[in-house]
Amino acid sequence: MKNPLPNDVYVSRTRIKEPDVRGDYYRDQTAIIHSMPFRRLKHKTQVFFSPDNDHVCTRIEHVMHVATIATTICKGLEKAGWELNEELAGAIGLGHDLGHAPFGHAGEEAISMKLGKKDAFMHEINSYRVVEYLANNGNGLNLTYAVKDGIICHNGEEFEKQLEPRKQQVHLDDIKDKSYFPCTYEGCIVRLSDKIAYLGRDIEDAIISGLIKKSDIPEDIVRFLGDTNGEIINTLVLDVIETSIKENKIALSDDKYNLVNELKEFNYKRIYSHERIEEYKTMCENGIMRLFEYLTELYCKFGKDFRKYRNSKMKLDQAFGKYIEKMNEFYMREENIPNQIITDYIGGMTDNFALECLYQITIPRPLEY
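See below:
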């Protein structure tokens with residue numbers, strides 16, 4: 001099996017680069033790893049908001065899990081004669097969540113509410129915006145088409161039993177929803193690996209956090225998938241490799257697909273909808289909306305004149321002004337409405353920085369004598 005489009009399409013970049021020893025896709029991996037958005041993932045929520053426990057998964061661990069799972073599946077399929085590139089799968093995995101908002105999906109939903117409609121902010125599309133435009137002070141990371149396509153088409157919520165790459169080249173700026181499949185097998189593998197990575201890990205984190213007990217895990221899951229993250233990942237990875245070889249497409253077997261849906265239902269009922277998670281979600285949504293309102297008022301006052309922000313005594317105001325200054329050339333090239341600039345800024349925040357900003361705008365500063 002091989003990808004449907006010519007290789008020249010997959011390795012093309014917005015700006016031409018001279019070849020180097022790393023090759024196209026490992027070069028993309030290093031560009032992602034060295035970028036500021038990637039560094040910030042270590043302080044962004046996966047499921048549990050701003051965790052104090054060092055062993056609870058953050059967004060940076062999640063993307064590394066996805067990259068390694070996808071690479072492993074590629075290795076297995078390559079042994080069966082599939083023409084795949086492990087470095088491409090790894091690059092997509094590392095970059096697929098670079099555009100996630102602080103506080104995970106709660107932050108995503110809060111930004112959408114401020115923008116006025118459901119799914120107005122989608123982390124898949126924002127991740128593409130980050131790597132293509134926002135990173136590197138508005139210059140983007142200049143990644144290959146195949147990696148950017150895998151990032152914008154990874155759709156973190158949909159869970160399909162079978163996946164095949166689309167056969168058409170699409171201008172990625174035109175993608176505005178989650179209806180597109182990746183144009184590579186590697187992108188399809190990452191799309192499935194994303195779910196494999198978080199379902200088992202979220203159970204482990206829920207046990208660590210005291211939301212559930214190990215004995216709560218459904219008997220069928222324990223018996224046929226496993227009761228640890230490692231066992232669940234291993235079972236599903238081997239099933240994907242075996243089933244994909246049989247069906248000539250990226251796929252799970254019927255029984256494992258049904259078990260994963262059972263596991264997903266358990267996670268939503270017992271973890272993602274848990275009272276403590278819902279409380280945190282509400283607090284985080286309110287916090288993000290308050291930040292959005294504050295920055296909107298601030299922007300209406302000072303606009304793109306970054307010099308005016310310097311005179312404020314509020315550190316958030318100064319930081320927002322510095323952001324506008326370093327992104328000035330990019331925003332001058334785009335017809336950016338204030339909502340987009342504020343969305344870009346909040347979307348790039350870590351949980352910790354968002355909490356610090358909220359503290360500044362809600363807690364009165366002490367009088368100085």
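Residue numbers for the sequence shown follow our numbering, beginning at 1 and rising by one.
Where a beta carbon is used, it is the ideal one built from N, C-alpha and C, also for glycine.
Local Cβ density within 10 Å of residue i, reported as buried at 16 or more and exposed below that
i, result
"Asp-28", "buried"
"Asn-7", "exposed"
"Gln-46", "buried"
"Val-66", "buried"
"Cys-300", "exposed"
"Ile-337", "exposed"
"Ser-370", "Lying outside 1 to 369, the shown extent of the chain, residue 370 is not represented and no answer is given."
"Val-21", "exposed"
"Ser-273", "exposed"
"Lys-256", "buried"
"Arg-201", "buried"
"Arg-59", "buried"
"Asn-267", "buried"
"His-197", "Looking at the sequence provided, one finds Ala at residue 197 rather than His. That one is buried."
"Met-122", "buried"
"Gly-210", "exposed"
"Pro-19", "exposed"
"Ala-80", "exposed"
"Lys-246", "exposed"
"Gly-95", "buried"
"Lys-376", "With the chain represented from 1 up to 369, any question about residue 376 goes unanswered, as that position is not in the structure."
"Asn-261", "exposed"
"His-34", "exposed"
"Lys-322", "exposed"
"Ile-69", "buried"
"Thr-71", "buried"
"Lys-195", "buried"
"Ile-16", "exposed"
"Gly-90", "buried"
Beta-carbon separation (whole angstroms), residue i vs residue j, contact threshold 8 Å
i, j, result
"Lys-148", "Val-131", "6 Å"
"Leu-84", "Val-63", "Leu-84 to Val-63, Cβ: 20 Å. No contact."
"Ser-127", "Ile-151", "5 Å"
"Ile-217", "Asp-227", "6 Å"
"Leu-358", "Gly-287", "5 Å"
"Met-349", "Pro-102", "5 Å"
"Glu-240", "Gly-93", "Reading off the sequence, residue 240 comes out as Val, not Glu. The Cβ separation is near 14 Å, so there is no contact."
"Ser-12", "Thr-144", "7 Å"
"Leu-252", "Lys-161", "6 Å"
"Thr-370", "Leu-115", "Absent from the model: residue 370. The displayed extent of the chain is 1 to 369, so no value can be given."
"Glu-164", "Lys-249", "5 Å"
"Phe-306", "Glu-334", "Phe-306 to Glu-334, Cβ: 16 Å. No contact."
"Glu-186", "Leu-295", "About 38 Å separates the two Cβ atoms, so there is no contact after all."
"His-154", "Glu-108", "The pair is not a contact, with the Cβ atoms about 14 Å apart (cut-off 8 Å)."
"Met-36", "Ala-135", "7 Å"
"Phe-320", "Tyr-309", "6 Å"
Where the alpha helix (DSSP H) through residue i begins and ends
i, result
"Lys-148", "145-152"
"Tyr-26", "24-33"
"Pro-37", "36-40"
"Cys-284", "275-302"
"Arg-59", "59-78"
"Leu-192", "185-208"
"Glu-457", "Nothing can be reported for residue 457: it is not among the residues displayed for the chain, which extend from 1 to 369."
"Ala-101", "No alpha helix (DSSP H) holds Ala-101; DSSP gives it neither H nor E."
"Met-332", "328-333"
"Asp-220", "219-224"
"Ile-346", "338-347"
"Glu-356", "351-362"
"Arg-307", "306-309"
"Asp-8", "7-11"
Identified DSSP bridge partners for residue i
i, result
"Gln-318", "According to DSSP, which records beta bridges pairwise, Gln-318 is partnered with nothing at all."
"Ala-251", "Gln-162"
"Thr-45", "Thr-58"
Interface flag, residue i vs chain C, CB-CB below 9 Å
i, result
"Asp-177", "No chain C is part of this structure, which consists of one protein chain only."
Heavy atom of the ligand SAH within 8 Å of residue i beta-carbon
i, result
"Gly-348", "The ligand SAH is not part of the structure shown, which contains no ligands of any sort."
Which parts of the region 112-145 are runs of the alpha helix (DSSP H), unbroken and 4 residues or longer, counting only runs that do not cross its ends? 123-129 and 135-138
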